[in-house]
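*Asks:* For any residue, its number in the working numbering is found by taking its place in the sequence shown, counting from 1, and adding 5. Below is the structure I would like to discuss, written out as structure tokens.
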Amino acid sequence: MQWFAVVMLFFLLCSSAWPTERVAGSPGDTTVVSFAYFPQAVPVAVLGEVIKRDRLLAKALHRLNTEIRFQTLAKGSDALPLLRAGQIDGVMFSDLPTIEACYQSKLHIVGIVKQSYSVVVGRKGTMVSDLRGKRIGNAIGSTSHYALMQALATARLTEHDVTIVPMDVDAMPQALAQGGIDAFAAWEPIPTAALSRYPDRFAILFRQKSNSYFVLAQNLVTTHPDIARELAASLVRAIHWLERDRKNLSRASFWTIRTMREFAGKEPSLTEADIARITRNDLIDIPSVPLLPKGAENPGSILAKQFEFLKLVGRLPVGASWETVQRSFNRDLIQQVLANPKRYPLYRFDYAM
6 MQWFAVVMLF FLLCSSAWPT ERVAGSPGDT TVVSFAYFPQ AVPVAVLGEV IKRDRLLAKA
66 LHRLNTEIRF QTLAKGSDAL PLLRAGQIDG VMFSDLPTIE ACYQSKLHIV GIVKQSYSVV
126 VGRKGTMVSD LRGKRIGNAI GSTSHYALMQ ALATARLTEH DVTIVPMDVD AMPQALAQGG
186 IDAFAAWEPI PTAALSRYPD RFAILFRQKS NSYFVLAQNL VTTHPDIARE LAASLVRAIH
246 WLERDRKNLS RASFWTIRTM REFAGKEPSL TEADIARITR NDLIDIPSVP LLPKGAENPG
306 SILAKQFEFL KLVGRLPVGA SWETVQRSFN RDLIQQVLAN PKRYPLYRFD YAM
């Protein structure tokens, strides 16, 4: 009997020390949602700063026994392995990483969070046709890489007519200023920062449309649609709050500058005024945001052309089908939120200041 009592005591102690596996959605279970954004990308960073301070979102998720955690990343490609591993449930990033992610993982493209440009920047007085034989800074396989190829095509040049210098976008303006490269292709806010710092030396040579998207894991949308709708509502609410008052945009720009500084460990090249201007141009002043553009999923769309580009540069298999990405578009989620304003308060705000 004593031996039996000792054995029972052992099992009781082990069961209390080891975590108990719970079925998601069961009483007492807490669902943890991980959401990623990029502090160096504007206006995505601004939205990330606002959404993570949304007390209405936190309260709504608490009622659903859910906790949200925010994660900051350096660039879109950093999110790809995390999405494949199921370690993040939502992210806001640009078009080419969105395409790659949707091909590699089961995701839903829910909304658009930026309509902007990737830009080719060179010395003043330079034209795209002058880039033959020149060194061009570029992030290979990125949105700006696609923009560079489009720029070269306008002058009947190809990638073989120039020397591509792979580099981080943050290093490009200084490399151009010091003569290490003759031009660079980058996405916002790098061009704005470069032109602000070297207004008499740099000029824009070419612009290519570039969008960023609000993306959720398919597992989250199908298993926890109520949580997915709360996230979509927080996105819509954040945009409304930013456009409601210039002071709100100014405050969000301040939050963004602070996070940029903490993330990079150095002073940002942008000012609060720069961030506010980019956010207004690329987000707030776009009437349809965050609704997905009409025809974005169609063959022949800009996204479909970028899909083909990714196959060309080896980022996707040659036999990859556009239908894989096409199936990822989800126009219903935000529409469900917009159709039920009593359930999802979109014009009532409560942000942690």
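The C-beta atom is built at its ideal place from N, Cα and C for all residues, glycine as well. All of these numbers come straight from a predicted model, not from anything done at the bench.
(1) Quick check on the burial criterion: 16 or more other C-beta atoms within 10 angstroms. Buried or exposed for glutamate 72?
(2) Taking 9 Å as the cut-off, decide whether the C-beta atoms of alanine 176 and glycine 142 are in contact.
(3) Run through DSSP, which three-state label would proline 86 get?
(4) Taking buried to mean at least 16 other C-beta atoms within 10 Å of its own C-beta, is glutamine 340 buried or exposed?
(5) Applying the criterion that 16 or more other CB atoms from any shown protein chain within 10 Å of the CB defines a buried residue, is glutamate 105 buried or exposed?
(6) Pairing CB atoms from the region 89 to 96 with CB atoms from the region 36 to 44, are three or more of them under 8 Å?
(7) Run the CB neighbour count on alanine 188, radius 10 Å, all protein chains shown included, and call it buried at 16 or more, exposed below.
(8) Please identify the residue among Ala191, Ile244, Ala325 whose C-alpha is closest to the C-alpha of aspartate 290.
(9) Following the continuous beta strand (DSSP E) through proline 171, name the residue where it begins and the one where it ends.
(10) Using DSSP with H/G/I as helix, E/B as strand and the rest coil, what is isoleucine 339?
(11) Could you tell me the alpha carbon to alpha carbon distance between serine 215 and leucine 240, rounded to whole angstroms?
(12) Do lysine 139 and phenylalanine 207 come within 9 Å of each other at the CB atom, strictly closer than that value?
(13) Going by DSSP, what residue range makes up the alpha helix (DSSP H) through isoleucine 3?
(14) If you draw a straight line from the alpha carbon of glutamate 277 to that of phenylalanine 259, how long is it in whole angstroms?
(15) So what does DSSP say about valine 37, is it helix, strand or coil?
(16) Could you give the distance in angstroms between the alpha-carbon of proline 298 and the alpha-carbon of threonine 264?
(17) Would you mind stating whether serine 149 and alanine 180 have Cβ atoms separated by less than 9 Å?
(18) What span of residues does the alpha helix (DSSP H) with threonine 276 cover, start to end?
(19) Quick check: what's the CA-CA separation for leucine 153 versus valine 124?
(20) For lysine 271, name the three-state secondary structure that DSSP assigns.
(21) Buried or exposed, going by whether 16 or more other CB atoms sit within 10 Å of the CB of tyrosine 356?
(22) Would the region 155 to 168 and the region 328 to 342 be scored as touching if the rule is three or more Cβ pairs under 8 Å?
(23) Would you kindly report the start and end of the unbroken beta strand (DSSP E) that includes threonine 71?
(24) Of all the alpha helix (DSSP H) runs that stay within the bounds of the region 82 to 166, which reach a length of 4 or more residues?
(25) Cβ atoms of cysteine 107 and valine 226: under 9 Å apart, would you say?
(26) Can you list, in chain order, the residues of its chain whose CB lies under 8 Å from that of lysine 316, leaving out five sequence neighbours each side?
(27) Can you name, in chain order, every residue of its own chain whose Cβ lies under 6 Å from the Cβ of glycine 30, other than the five neighbours on each side?
(28) Where does lysine 299 sit, in a helix, a strand or coil, going by DSSP?
(29) Could you check the C-alpha separation between lysine 347 and glycine 319 for me, to the nearest Å?
(30) What residues match up with lysine 214 in a beta bridge as DSSP calls it?
*Replies:* On the basis of the supplied data:
(1) Here residue 72 refers to the residue found at position 67 when the sequence shown is read from its first residue. Counting Cβ neighbours within 10 Å, glutamate 72 comes out exposed, since fewer than 16 surround it.
(2) On the sequence shown, residue 176 is found 171 positions in, with the first residue counted as 1. On the sequence shown, residue 142 is found 137 positions in, with the first residue counted as 1. In contact: alanine 176 and glycine 142 (Cβ atoms closer than 9 Å).
(3) Here residue 86 refers to the residue found at position 81 of the sequence shown. Note: proline 86 maps to helix in three-state DSSP.
(4) Residue 340 sits at position 335 when you count from the first residue of the sequence shown. Around the CB of glutamine 340, fewer than 16 other CB atoms lie within 10 Å, so the residue is classed as exposed.
(5) One-based indexing of the sequence shown puts residue 105 at position 100. Glutamate 105 is buried by the Cβ-count criterion.
(6) yes
(7) Along the sequence shown, read from residue 1 onward, the residue named residue 188 stands at position 183. It counts as buried.
(8) One-based indexing of the sequence shown puts residue 290 at position 285. It is Ile244 whose Cα lies nearest to the Cα of aspartate 290.
(9) Along the sequence shown, one-based indexing puts residue 171 at 166. Segment 168 to 171, the beta strand (DSSP E) holding proline 171.
(10) Taking the first residue of the sequence shown as 1, we reach residue 339 at position 334. Three-state result, isoleucine 339: helix.
(11) Within the sequence shown, residue 215 is the residue found at index 210, counting from 1. Within the sequence shown, residue 240 is the residue found at index 235, counting from 1. Serine 215 and leucine 240: Cα-Cα distance of roughly 20 Å.
(12) Counted from its first residue, the sequence shown places residue 207 at position 202. Counted from its first residue, the sequence shown places residue 139 at position 134. No; because the gap between Cβ atoms is not below 9 Å, this pair is not in contact.
(13) Given a span of 6 to 358 for the chain in the structure shown, any question on residue 3 remains unanswerable.
(14) Translated into positions along the sequence shown, residue 277 becomes position 272. Translated into positions along the sequence shown, residue 259 becomes position 254. Between the alpha carbons of glutamate 277 and phenylalanine 259 lies a gap of roughly 6 Å.
(15) Along the sequence shown, read from residue 1 onward, the residue named residue 37 stands at position 32. In this structure, valine 37 counts as strand in the three-state DSSP scheme.
(16) Here residue 298 refers to the residue found at position 293 of the sequence shown. Here residue 264 refers to the residue found at position 259 of the sequence shown. Computed Cα separation, rounded: 30 Å.
(17) Against the sequence shown, residue 149 aligns to sequence position 144. Against the sequence shown, residue 180 aligns to sequence position 175. No, the pair does not count as a contact, with Cβ atoms beyond the cut-off.
(18) In the sequence shown, counting from the first residue as 1, residue 276 sits at position 271. Segment: none, threonine 276 is in no alpha helix (DSSP H) and carries neither H nor E.
(19) Locating residue 153 in the sequence shown gives position 148, counting from the first residue. Locating residue 124 in the sequence shown gives position 119, counting from the first residue. The C-alpha of leucine 153 lies about 8 Å from the C-alpha of valine 124.
(20) Taking the first residue of the sequence shown as 1, we reach residue 271 at position 266. Residue state, collapsed to three classes: coil.
(21) For the purposes of this step, residue 356 is identified with residue 351 of the sequence shown, where counting begins at 1. Counting Cβ neighbours within 10 Å, tyrosine 356 comes out buried, since at least 16 surround it.
(22) no
(23) Walking along the sequence shown from the start, residue 71 turns up at place 66. Where threonine 71 is concerned, the enclosing beta strand (DSSP E) stretches over 71 to 77.
(24) 100 to 109, 148 to 159
(25) Against the sequence shown, residue 226 aligns to sequence position 221. Against the sequence shown, residue 107 aligns to sequence position 102. The answer is no: Cβ separation not under 9 Å.
(26) Walking along the sequence shown from the start, residue 316 turns up at place 311. Here the set comprises Pro322, Val323, Ala325.
(27) The residue labelled residue 30 in the question sits at position 25 within the sequence shown. Low per-residue confidence applies at glycine 30: pLDDT is 41, beneath 50, and the placement is therefore not dependable enough to give any value.
(28) Position 294 of the sequence shown, counting from 1, holds the residue named residue 299. Coil.
(29) Here residue 347 is taken as the residue at index 342 of the sequence shown, counted from 1. Here residue 319 is taken as the residue at index 314 of the sequence shown, counted from 1. Their Cα atoms are separated by approximately 48 Å.
(30) Locating residue 214 in the sequence shown gives position 209, counting from the first residue. In the DSSP output, where bridge partners are listed per residue, lysine 214 has Tyr122.
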